[in-house]
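Peer 1: Quick one: structure below, then a few questions.
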Ligand code: NAD
């Protein structure tokens, strides 16, 4: 078994002085690794159904109303019971975060980065356990769960180093006769509102970026995945986070979430989720409340309707694999998922046949048993995706799937579905479905393919499979997405290598995991001091201390 000790001795177990590298992937093909995962699943199963508290300023709080998180593969199984924060908890959470801000904002960047490094170490030690929670709570198979946990570790390691880099930054020029400084200082108290689909990595990334810059946070996890957030919060505490730096508050989005967004002392909102909610937050944050002293900052990462262009000069095997992995990995429940394949007329029929054959080989069942395709996240998503499939049946030709996949445990399973011959302006071609549904669209030449790829209101990810340098170069210029991939799938962004965030209605292009991300959680203070105005003795002393 790949024990915790072995995991921490991997090269990715970084010290803060080592340069960043992405966390190494586990090999579930190894019997020992598989056994570790099975043991973690068995251990976590014994802990399902436990109750968790709100934690505000370190105080444990219970509410009458609860949020019950269930296993989508087995809806009768309760994963965790959580308190439900409502409007009455907003003020307490804000005041706890404000109180913590007074001291946390003055701690050094080194101390704040150290908290992230320690937390990364704890997540790494408990990697299999974290994977198991993700499998039970949102239905991720082993590899998908591990990718989520790996990205979590990467965000912690990356943002810790970025905070140290920002702390060492200064003005590019020293004006003669002055001492010039540029310091990136925190903003204040922020609301962090993550989605359920990367409930560990995205929740951690937004929270870690905020606190490592000296801000404090009211964290409202998704109602579909509060348990993994509670486990992560306990690791922050174990790593030594002072009370009130993160306040753990599961609650209804429309009530508690919107109330913290509207609070006059909320300085910023870091949100990842749907376009509709993102726009609502944008609008609410723009309205100055009585007593508000600043313009709220919003970091909004929203939905996608992502295309892969398949040209006749591509390597067909790679294109089939790339489209299927991007469309059906985690059942298409990724903002980066390919939901439209735009295929050149010359290879269209062959490509559709190849897609159908490949999808027929997908196995479906309980993600705890590591089937490739598990359930979708909840009943509402299940019903909405099936409704879109019905719309798709009228808009095209079903060549794979097209219905629910009945299962003895009554999980929310839907067959991987491909609908061919879809018009570029059909509803299933333009609207985000967020499930295992791929529309295949025929293109007539590369100009047409690019025009179709750019015809949605979104602009998150996109890919092209082609052997032509000229087409790849045109795609670099003309395929308007925040994350473009050439001859590879459009999912699986790696922290550091693929800074992530979309154009247009996909969000504010915040580029998580990139070199500019932390700037969104800071404000830059420029300080110019006229030389020669303090006593010579003090200047000498300062110079000795390197100030
Ligand atoms: P969602 O918009 O329904 O919910 C996201 C979060 O917002 C949840 O925590 C929810 O409780 C909260 N919320 C809901 N209503 C609110 C309100 N009125 N005020 C404040 N908060 C509110 O999204 P979801 O179903 O959790 O996630 C799926 C969506 O997220 C998809 O659209 C997907 O494309 C998107 N997503 C985007 C990215 C990205 O990086 N661009 C990454 C992952 C997911």
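Residue numbers (the numbering used here): 247 to 793.
Cβ atoms here follow ideal geometry from the backbone N, Cα and C, with glycine treated the same way.
Computed from a predicted structure; not experimentally measured.
Can you tell me which of the three DSSP states residue 636 falls into?
Peer 2: helix
Peer 1: Which residue from 353, 298, 268 and 381 puts its Cα closest to that of residue 288?
Peer 2: Closest by alpha carbon: 381.
Peer 1: Run the proximity test for residue 443: is its beta-carbon closer than 6 Å to any non-hydrogen atom belonging to the ligand NAD?
Peer 2: yes
Peer 1: For a test of your reading of the model: does the CB of residue 439 fall under 6 Å from any non-hydrogen atom of the ligand NAD? Yes or no.
Peer 2: Distances between the C-beta of residue 439 and the heavy atoms of the ligand NAD include at least one below 6 Å.
Peer 1: What separation, rounded to the nearest whole angstrom, lies between the Cα atoms of residue 585 and residue 699?
Peer 2: 11 Å
Peer 1: Going along the chain, which unbroken runs of the alpha helix (DSSP H) with 4 or more residues stay wholly within the stretch 678 to 725?
Peer 2: 692 to 699 and 715 to 724
Peer 1: Three-state secondary structure (DSSP) at residue 758?
Peer 2: strand
Peer 1: With distance defined between alpha-carbon atoms, name the residue in 676, 566 and 658 nearest to residue 638.
Peer 2: 676
Peer 1: Measuring straight from C-alpha to C-alpha, what distance separates residue 634 and residue 268?
Peer 2: 37 Å
Peer 1: Got a sec: does the ligand NAD put a non-hydrogen atom nearer than 6 Å to the Cβ of residue 529?
Peer 2: Not under cutoff, so the answer is no.
Peer 1: Which residues in the same chain as residue 604 place their Cβ atom closer than 7 Å to its Cβ, once the five residues preceding and following it in sequence are excluded?
Peer 2: 566 and 570
Peer 1: Note down, in chain order, each residue of its chain lying with its Cβ closer than 7 Å to the Cβ of residue 202, except the 5 sequence neighbours on either side.
Peer 2: What is shown of the chain runs 247 to 793, which leaves residue 202 out entirely.
Peer 1: Rounded to whole angstroms, how far is the Cβ of residue 582 from the Cβ of residue 736, which I believe are closer than 8 Å?
Peer 2: 6 Å
Peer 1: What are the residues that DSSP puts in a beta bridge with residue 830?
Peer 2: The structure shown has nothing for residue 830, since the chain only spans 247 to 793.
Peer 1: To the nearest angstrom, how far is the alpha carbon of residue 258 from that of residue 449?
Peer 2: Note that residue 258 scores a pLDDT of 41, beneath 50, so its modelled location is shaky; the value from the coordinates is reported in the next line. The alpha-carbon atoms of residue 258 and residue 449 are separated by roughly 21 Å.
Peer 1: Whole angstroms is fine: what's the gap from residue 459's alpha carbon to residue 428's?
Peer 2: 15 Å
Peer 1: Tell me whether the stretch 454 to 470 and the stretch 264 to 282 touch, counting them as touching only if at least three CB pairs, one residue from each stretch, are closer than 8 Å.
Peer 2: no
Peer 1: Excluding sequence positions up to five away, which residues of its chain have a Cβ less than 8 Å from the Cβ of residue 253?
Peer 2: Unreliable positioning characterises residue 253 in this predicted model, as indicated by a pLDDT of 44, which lies under 50. The coordinate reading is nonetheless provided below. So the list reads 259, 370, 371 and 373, once near-sequence residues are dropped.
Peer 1: Take residue 248 and list the residues in its own chain whose beta-carbon comes closer than 6 Å to its own, dropping the five residues that flank it on each side.
Peer 2: For residue 248, the predicted structure reports a pLDDT of 38, less than 50, and the residue's modelled location is therefore unreliable. A value from the coordinates is still provided. Hits under 6 Å: 278, 279 and 282.
Peer 1: DSSP state of residue 590, grouped into three classes?
Peer 2: strand
Peer 1: Considering only the alpha carbon of each residue, which of 379, 348 and 727 lies closest to residue 697?
Peer 2: 727
Peer 1: Whose CA, out of 431, 683 and 653, lies closest to the CA of residue 552?
Peer 2: 683
Peer 1: Are the CB atoms of residue 512 and residue 592 nearer to each other than 7 Å?
Peer 2: no
Peer 1: Looking at residue 756: is its Cβ nearer than 7 Å to the Cβ of residue 545?
Peer 2: yes
Peer 1: Relative to the alpha-carbon of residue 407, which residue among 763, 540, 534 and 786 has its alpha-carbon at the smallest distance?
Peer 2: 763
Peer 1: Where do the ends of the alpha helix (DSSP H) carrying residue 674 lie?
Peer 2: Element bounds for residue 674: 673 to 676.
Peer 1: Is there contact here, the stretch 655 to 672 with the stretch 524 to 533, by at least three beta-carbon pairs under 8 Å?
Peer 2: no
Peer 1: Return yes when at least one heavy atom of the ligand NAD lies under 6 Å from the C-beta of residue 523, else no.
Peer 2: yes
Peer 1: Under the rule that 16 or more other beta-carbon atoms within 10 Å means buried, what is residue 535, buried or exposed?
Peer 2: By the neighbour-count criterion, in which 16 or more other beta carbons inside 10 Å mark a residue as buried, residue 535 falls on the exposed side.
Peer 1: At what residues does the beta strand (DSSP E) containing residue 492 begin and finish?
Peer 2: 492 to 494
Peer 1: Indicate, with yes or no, if the ligand NAD has a heavy atom lying under 6 Å from the CB of residue 581.
Peer 2: Yes - the ligand NAD has a heavy atom lying nearer than 6 Å to the Cβ of residue 581.
Peer 1: Based on DSSP bridge pairs, tell me the residues matched to residue 282.
Peer 2: Answer by DSSP bridge pairing: none, since residue 282 is not bridged.
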